[in-house]
Amino acid sequence: MTIHDDDYEIGYSKPPRDSQFKKGQSGNPKGRPRGVRNFKTELIEVINSKVKVNRNGKKQKISAKYAVFLKLTEKSLSGNVPAIRTLIELMRTYDEEEIDLAAAALSNEDAKIIERFTKQIRDQAKHDNNAKEVSDDE
Numbered sequence: 023m024t025i026h027d028d029d030y031e032i033g034y035s036k037p038p039r040d041s042q043f044k045k046g047q048s049g050n051p052k053g054r055p056r057g058v059r060n061f062k063t064e065l066i067e068v069i070n071s072k073v074k075v076n077r078n079g080k081k082q083k084i085s086a087k088y089a090v091f092l093k094l095t096e097k098s099l100s101g102n103v104p105a106i107r108t109l110i111e112l113m114r115t116y117d118e119e120e121i122d123l124a125a126a127a128l129s130n131e132d133a134k135i136i137e138r139f140t141k142q143i144r145d146q147a148k149h150d151n152n153a154k155e156v157s158d159d160e
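Per our numbering: the sequence shown = residues 23 to 160.
Written as structure tokens, this is what we have:
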């Protein structure tokens, strides 16, 4: 120990002063390298990248995502059971979304029918209330 450190006790949670970080100096001087991308960013880039495929005797550039769907469909058609299951699950997922969107977007004609039906029910309720009031008065 030096003359200055006589009053400093070394022990649990008290490392020697010479092994502690110096003021103004980082514990990780190099740090995380700039431009390091996470898994999601790289996955999106790879899936959206273009790949060359041979379709119907012609070379085409399509997205890797589309190529995966084509391969999945091809395997399903050849009888690959896991591929069939995966494709059916994908179809169920996105068919349900389309059904939800279709239900949300009513045509003008549907909206008019619903409006007429609602008006009919309100008129009938008013008529029933009036009839009830008349019978109560008697």
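Don't be surprised by glycine CBs; every beta carbon is placed ideally from N, CA and C.
For the pair K74 and K87, the CB atoms are not nearer than the 9 Å cut-off. In this structure, the beta-carbon distance from V90 to I69 falls below 9 Å.
Inclusion of L94 and L109 in the CB contact set at 9 Å is warranted, their separation being smaller than that value.
Taking the Cα positions, K97 is about 15 Å away from M113.
According to the DSSP assignment, K97 belongs to the alpha helix (DSSP H) that extends over A86 to L99. Taken in chain order, the unbroken stretches of alpha helix (DSSP H) that lie wholly in the segment 42-82 and span 4 residues or more are 61-70.
The alpha-carbon separation between V103 and T115 amounts to approximately 18 Å.
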